[in-house]
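Heads up: take any position in the sequence shown, counting from 1, add 1, and you land on our numbering.
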Amino acid sequence: MIRSRLTTQAFLATASTLAALGGTMTTVSPVQAETCLYGANVSGGEFGKAEDKPGTYGVTHQFPSAATYEYLASKGMNAVRLPFQWERIQPELFGPFEPEELGHLTKSIAEARANGLTVILNPHNYGKYYGRAIGSRDVPVDALADFWGRLASLYPGKTDIVFGLMNEPVDLTARTWLDASNRAIRAIRDTGADNLVLVPGTIWTGSSHWFDQQDGGSNAEVMLAVTDPAENFAIEVHQYLDADFSGTGTSCSRTADALAALKRFSGWLETFGYKGFLGEFGGSQNRSCLDGVKEIATFINRRPDIWIGWTIWAAGEWWGAYPYSIQPEDGIDRPQMATLIPFLESDHSSRRDCQYPER
Numbered sequence: 002m003i004r005s006r007l008t009t010q011a012f013l014a015t016a017s018t019l020a021a022l023g024g025t026m027t028t029v030s031p032v033q034a035e036t037c038l039y040g041a042n043v044s045g046g047e048f049g050k051a052e053d054k055p056g057t058y059g060v061t062h063q064f065p066s067a068a069t070y071e072y073l074a075s076k077g078m079n080a081v082r083l084p085f086q087w088e089r090i091q092p093e094l095f096g097p098f099e100p101e102e103l104g105h106l107t108k109s110i111a112e113a114r115a116n117g118l119t120v121i122l123n124p125h126n127y128g129k130y131y132g133r134a135i136g137s138r139d140v141p142v143d144a145l146a147d148f149w150g151r152l153a154s155l156y157p158g159k160t161d162i163v164f165g166l167m168n169e170p171v172d173l174t175a176r177t178w179l180d181a182s183n184r185a186i187r188a189i190r191d192t193g194a195d196n197l198v199l200v201p202g203t204i205w206t207g208s209s210h211w212f213d214q215q216d217g218g219s220n221a222e223v224m225l226a227v228t229d230p231a232e233n234f235a236i237e238v239h240q241y242l243d244a245d246f247s248g249t250g251t252s253c254s255r256t257a258d259a260l261a262a263l264k265r266f267s268g269w270l271e272t273f274g275y276k277g278f279l280g281e282f283g284g285s286q287n288r289s290c291l292d293g294v295k296e297i298a299t300f301i302n303r304r305p306d307i308w309i310g311w312t313i314w315a316a317g318e319w320w321g322a323y324p325y326s327i328q329p330e331d332g333i334d335r336p337q338m339a340t341l342i343p344f345l346e347s348d349h350s351s352r353r354d355c356q357y358p359e360r
């Protein structure tokens, strides 16, 4: 499809004009209806300290079991975001994939798909490779393109496989990240894969940071230049509810601020004709967090015209007593899951088709 694009200069002029007029502008984009993606992050494959790379499977890291996928599907979820470490799959930049680690990832993907779950592949690297930022002397921007070209070639045209370019890029500018993203998207499309791609921004891709100024421009300005020959992508953001939006606090004192950030980001999506995906949100069993999770899910589900779904943080057998875990305890749903179940029921008023980029 052909989507109207605005340059950064046009964005600034338009934003200034709209602010003065108190109005909004929406670009018109053809869309197609598909089931919204509602699910969970499934952790374990990304576990391990920096010194544990590549690590030992089953000791430092391990993907969730088939039972976890079965559990999530039984609750009405239809998607999982599957984190892994880039270095474990590709131990050397521009080198071949490591067969054993790739095999573990492939098996986990197959188990999720067998339960009817769409799998969002997620290199959980924060825009880095062995701790070095993409765009640095050690990690050229083409390295990410090489990685994604190799991975995409394994799953071309699979509608239940989504390519999430990177988890929470940080310590690099939006312009550097845009360059890496566009090259990665081109590499994906060069394989013939037209799968949905999720493109994050920088500063941990927080919706609360989307308009923050940085060298070369904010995410809101720079990411307008995302280029996809297949025009099948959405913008991924994350939003937590605790005091600093980090997703580390056990109380959720800033739900109102988080919602305000998501609403502002939604306006950006609507104005420029993009679709959004909330890749991470969540909280502890604290009542403020449960109420906050409910408010976030309510907000996203009410806008299937611009939001294609969400994945809560996080399931996975290795979490133990982690406050944000939604993994069942002794077969009993955690309160976070109980809070979400109404939003996952097929007859819920907010469970509907989303308007995806048209392929």
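Each residue gets a CB set at the ideal place from its N, CA and C atoms; glycine is no exception.
Check	Outcome
I236 and G277: beta carbons closer than 8 Å?	yes
Along the chain, where does the alpha helix (DSSP H) containing R114 start, and where does it finish?	P100 to A115
Return helix, strand or coil for C290, following the three-state DSSP convention.	helix
Just the C-alpha distance for S247 and S209, rounded to the nearest angstrom, thanks.	11 Å
Inspect the CB distances between the region 61-73 and the region 302-311 and report whether three or more fall short of 8 Å.	no
Is the beta carbon of A316 closer than 8 Å to that of N42?	yes
Leaving out the 5 sequence neighbours to the left and right, which residues in its chain are closer than 7 Å to G23 when beta-carbon positions are compared?	Confidence is the limiting factor: at G23 the pLDDT is only 39, short of 50, which leaves the residue's position unreliable, though a coordinate-based value still follows. Taken in chain order, the list of residues that qualify is empty.
Please return the same chain residues whose Cβ sits closer than 8 Å to the Cβ of T25, not counting the five positions on each side in sequence.	Only weak support exists for where T25 lies, its pLDDT of 44 falling under 50; the coordinates are left without a value.
List the residues that DSSP assigns as beta-bridge partners of H62.	Y58
Skipping 5 residues on each side, what residues in its chain have a beta carbon closer than 6 Å to that of S109?	F64
Considering only the alpha carbon of each residue, which of Y72, Y323 and L260 lies closest to E296?	L260
Could you tell me the distance, in whole angstroms, from the CA atom of I309 to the CA atom of C355?	5 Å
Taking the beta carbon of E327 as the centre, do at least 16 other beta carbons fall within 10 Å, making it buried, or is it exposed?	Inspection of the sequence shows that residue 327 is occupied by Ile rather than by Glu. Buried, since its Cβ has 16 or more Cβ neighbours within 10 Å.
In terms of residue numbering, what span does the alpha helix (DSSP H) encompassing I186 cover?	A175 to D191
Which class does F273 belong to by DSSP, given the choice of helix, strand or coil?	helix
Please say whether A226 and D189 have beta carbons closer to each other than 8 Å?	Looking at the sequence provided, one finds Ile at residue 189 rather than Asp. Against a cut-off of 8 Å, the Cβ pair of A226 and I189 comes out as no contact.
Reducing DSSP to helix, strand and coil, say where Y131 ends up.	coil
Determine the extent of the beta strand (DSSP E) in which L155 is found, giving its start and end residues.	It is not in any beta strand (DSSP E) - L155 carries neither H nor E in the DSSP assignment.
With DSSP as the reference, please indicate the residues paired to H239 in a beta bridge.	G207 and E281
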